[in-house]
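**Q** As given, the protein sequences belong to chains A and B, one line each in that order.
Mapping of the first sequence onto the working numbering: residues 950 to 1202, in sequence order.
Mapping of the second sequence onto the working numbering: residues 950 to 1202, in sequence order.
For every residue, glycine included, the Cβ atom is placed at its ideal position computed from N, Cα and C.
This is the structure I have questions about; it appears just below.
There are 2 protein chains.
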Amino acid sequence: MSNKTVLKSMEIIKLFFQHEELTLQQIVKQTNLPKTSAHRMAESLEEMGFLQKTNEGGYKLGLMFLQLGTLVADRLDIRQLAYPVMKQLKEETGEAANLVIRDGDEAVYIEKVDTSERVRVYTQIGRRAPLYGGACPRILLAFMPENERERFIDAADIQAYASGTVTDKTRLREILQFSREHGYSISHSELEDYSSAIAAPIMNHKGEVIAGLSLVGPEIRFQDEQHLQVLIKKIKNAAKEISILSGWKEGAE
Amino acid sequence: MSNKTVLKSMEIIKLFFQHEELTLQQIVKQTNLPKTSAHRMAESLEEMGFLQKTNEGGYKLGLMFLQLGTLVADRLDIRQLAYPVMKQLKEETGEAANLVIRDGDEAVYIEKVDTSERVRVYTQIGRRAPLYGGACPRILLAFMPENERERFIDAADIQAYASGTVTDKTRLREILQFSREHGYSISHSELEDYSSAIAAPIMNHKGEVIAGLSLVGPEIRFQDEQHLQVLIKKIKNAAKEISILSGWKEGAE
DNA sequence: TTTCTCGTTCCATATTTCGGAACTTAAATT
DNA sequence: AATTTAAGTTCCGAAATATGGAACGAGAAA
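Structure below.
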């Protein structure tokens, strides 16, 4: 039912997530493909511009991906809508703003506005996180259709990414319930130690949650209860603003 | 000598350069692949996250490319070095700065700093241009090793992209000669009508030209001879600064 | 309801990949 | 300079795999 050659060759591409450069030898070792096959595939991928030969005789990712990445980014309409609001949010709060959407059973960071603070949390665009971990991925989970959400939680193999990761499913369900009721989610050291986040949902015209907006920063700046209330208010307002730009109308859920 | 399945499946990916979404039918039409094969390939590409099913039942590029694009961008060291200098250059001149490297017989835009002018020239990261057209691609051509350069020019099929494209090879050689002698290149309406650019070369520690830096803007702001001299001086200085950051040492050519 | 159209599955055919082995090249070692 | 090693590259018979026609299913349009 699937084309094995495609699967294998894409597996080769994925090796480059973890390695900037790979020799044929290394590709063979990591994929268990016969040398001849790996060689032919890599050559074909190079021919199409997806891989590039390095000066040292190895392979690396081709600049093709720069083009494709830009293309995908530009086609995500929500990014354009959200960006100015995110910039404003960052100005007002001094914390980094992130925009996250769901991709299957994962969350993907698709836009960010960094701060110039000396201490800050840096997120890469395209980065993935599990839906159960971190305020922003979890806000997506919280507002998923119930059956989908429960199926996901039941099936989920929850990994402790950092000291604060919520690994108990009952506790997770409570937090999700809270998020739905209050319209925001908060996390401390869930994906990364010493980093905190507050997130709120972004809706479309059908009232479906299409993205999550978050403020992320070092835990130390997310402790004071009064300050937290300010941040919560600001993130909810910003998310609402983007929702309206996305066609959402208050009370039309 | 090459794996045809890989070639064909990457051909499918490339269709999405021009189409945001494609149905199976459309893929079949454009590739001339049998329906069954196209179907299996598309499904496999989706399985690996390179394609994504749309609500309408078609396919689009997967978010995987966002991740891979970021990865490729982050691995281009020159970008990090150049960015602050480019930002400064933009501040001083009020024009957009672009950074371009060579990829085979093409130039690729790998970094940019846009202006907030009402009238401006917008360039997409990952965009490609022929080496013979536009100030910045041409600066790369001008400083290529002579044999490579001549082989390229001889073989080149020069297309007129805009009203000012230099299509005469003798004239092109003269301009390249001028660029080498004076250390910069200038273009008017070569790739796009009513847009001008000035470019200078960036060198590495071996004195090889590894990138081109350019200022781009509407033609109207690149006419006054005195102003041009200022821009030329600034772009050359900025390129020199980045060259030094890349390990280049004056006079060590 | 009927008729299209498009996506999906089936399966025998044969094209294509596979993969061991031999060859080539370049660098490291003696 | 000769030898060894380790990498990439090419060759070709065997066999696994993709092919692609046909038939099926589902959903939309007439």
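Classify Glu1055 of chain A as helix, strand or coil using the three-state DSSP reduction.
**A** By 1-based counting over the first sequence, the position of residue 1055 of chain A is 106. Correct three-state label for Glu1055 of chain A: strand.
**Q** Give a yes or no on whether the C-beta atoms belonging to Ser1144 of chain B and Glu1168 of chain B are separated by under 8 Å.
**A** As a working note, residue 1144 of chain B is residue 195 in the second sequence. As a working note, residue 1168 of chain B is residue 219 in the second sequence. In contact: Ser1144 of chain B and Glu1168 of chain B (Cβ atoms closer than 8 Å).
**Q** With three or more beta-carbon pairs closer than 8 Å as the criterion, would you say the stretch 1054-1070 of chain B touches the stretch 1107-1115 of chain B?
**A** No contact exists between the stretch 1054-1070 of chain B and the stretch 1107-1115 of chain B.
**Q** His968 of chain B lies in the alpha helix (DSSP H); which residues open and close that run?
**A** As a working note, residue 968 of chain B is residue 19 in the second sequence. Segment: none, His968 of chain B is in no alpha helix (DSSP H) and carries neither H nor E.
**Q** Which same chain residues, not among the five before or five after Gly1196 of chain A, have their C-beta less than 8 Å away from its C-beta?
**A** On the first sequence, residue 1196 of chain A is found 247 positions in, with the first residue counted as 1. So the qualifying residues of the chain are Asn1153 and His1154.
**Q** As a quick exercise: from B:Lys1118, B:Asp1142 and B:Ala1160, pick the residue whose alpha carbon is nearest that of Tyr1133 of chain B.
**A** In the second sequence, the residue the question calls residue 1133 of chain B occupies position 184. That would be B:Ala1160, whose Cα lies nearest to the Cα of Tyr1133 of chain B.
**Q** Should Lys978 of chain A be labelled buried (16 or more other beta-carbon atoms within 10 Å of its own) or exposed?
**A** On the first sequence, residue 978 of chain A is found 29 positions in, with the first residue counted as 1. Exposed, since its Cβ has fewer than 16 Cβ neighbours within 10 Å.
**Q** Does the beta-carbon of Tyr913 of chain A have 16 or more other beta-carbons within 10 angstroms, so that it is buried, or is it exposed?
**A** An answer regarding residue 913 of chain A cannot be provided, because it is not within the stretch 950 to 1202 covered by chain A.
**Q** Nearest chain B C-beta to Ala1022 of chain A closer than 8 Å, yes or no?
**A** Position 73 of the first sequence holds residue 1022 of chain A. By this cut-off, Ala1022 of chain A is an interface position.
**Q** Is the beta carbon of Cys1085 of chain A sitting closer than 8 Å to the one on Val1115 of chain A?
**A** Start at 1 with the first residue of the first sequence, and residue 1085 of chain A comes out as number 136. Start at 1 with the first residue of the first sequence, and residue 1115 of chain A comes out as number 166. Contact flag unset, no.
**Q** Is the CB of Gln1016 of chain A under 8 Å away from at least one CB in chain B?
**A** As a first step, residue 1016 of chain A is located in the first sequence; it is residue number 67 there, counting from the start. Yes, Gln1016 of chain A counts as interfacial toward chain B.
**Q** Starting from Ser993 of chain B, find everything on chain A with Cβ-Cβ shorter than 7 Å and list it in chain order.
**A** Here residue 993 of chain B is taken as the residue at index 44 of the second sequence, counted from 1. Within chain A, the residues near Ser993 of chain B are Ser951, Asn952, Val955 and Leu956.
**Q** Report the option in A:Ala1148, A:Leu1015, A:Ala1149 and A:Thr954 whose CA atom is closest to the CA atom of Gly1075 of chain B.
**A** Here the question's residue 1075 of chain B lines up with position 126 in the second sequence. Minimum Cα distance to Gly1075 of chain B is reached at A:Leu1015.
**Q** Measuring alpha carbon to alpha carbon, tell me which residue in B:Gln1029, B:Lys984, B:Gly1006 and B:Pro983 is nearest Leu1194 of chain B.
**A** The residue you call residue 1194 of chain B lines up with position 245 of the second sequence. Comparing Cα-Cα distances from Leu1194 of chain B to each of B:Gln1029, B:Lys984, B:Gly1006 and B:Pro983, the minimum goes to B:Gln1029.
**Q** Counting beta carbon pairs with one atom in the stretch 986-996 of chain B and one in the stretch 1040-1047 of chain A, are three or more of them shorter than 8 Å?
**A** With a cut-off of 8 Å, the stretch 986-996 of chain B and the stretch 1040-1047 of chain A do not count as touching, because too few Cβ pairs lie within range.
**Q** Could one say the Cβ of Gly1075 of chain B lies closer than 8 Å to chain A's Cβ atoms, at least one of them?
**A** Taking the second sequence and counting its residues from 1, one reaches residue 1075 of chain B at position 126. Answer yes: the Cβ-Cβ gap between Gly1075 of chain B and chain A drops below 8 Å somewhere.
**Q** Leu1164 of chain A and Ala1146 of chain A: beta carbons closer than 8 Å?
**A** The count along the first sequence starts at 1 and reaches residue 1164 of chain A at position 215. The count along the first sequence starts at 1 and reaches residue 1146 of chain A at position 197. For Leu1164 of chain A and Ala1146 of chain A, yes; Cβs fall inside 8 Å.
**Q** Which residue's Cα is closest to the Cα of Tyr1081 of chain B: B:Val1068, B:Glu1066 and B:Gly1113?
**A** To locate residue 1081 of chain B, count along the second sequence from 1; it is residue 132. Per the Cα distances, B:Gly1113.
**Q** Which value, in whole angstroms, describes the spacing of the CA atoms of Leu1012 of chain B and Phe999 of chain B?
**A** As a working note, residue 1012 of chain B is residue 63 in the second sequence. As a working note, residue 999 of chain B is residue 50 in the second sequence. C-alpha separation (whole angstroms): 7 Å.
**Q** Between Arg989 of chain B and chain A, is there a C-beta pair that is closer than 8 Å?
**A** Your numbering for residue 989 of chain B matches position 40 in the second sequence. With 8 Å as the cut-off, Arg989 of chain B counts as an interface residue toward chain A.
**Q** For the beta strand (DSSP E) that Arg1077 of chain A lies in, which residues bound it at each end?
**A** Looking up residue 1077 of chain A in the first sequence gives position 128. Residues Arg1077 to Pro1079.
**Q** Going by CA-CA distance only, name the one from A:Val1158, A:Leu1177, A:Gly1006 and A:Ser958 that's closest to Leu973 of chain A.
**A** In the first sequence, residue 973 of chain A corresponds to position 24, counting from 1. If we check each option's Cα against that of Leu973 of chain A, A:Gly1006 comes out closest.
**Q** Quick check on Ala1104 of chain B: does DSSP put it in helix, strand or coil?
**A** On the second sequence, position 155 is the one that residue 1104 of chain B refers to. Looking at Ala1104 of chain B - three-state DSSP - the assignment turns out to be helix.
**Q** Between the C-alpha atoms of Thr954 of chain A and Gln1178 of chain A, what's the straight-line distance to the nearest angstrom?
**A** If you number the first sequence from 1, residue 954 of chain A lands on position 5. If you number the first sequence from 1, residue 1178 of chain A lands on position 229. Their backbone Cα atoms lie some 54 Å apart in a straight line.
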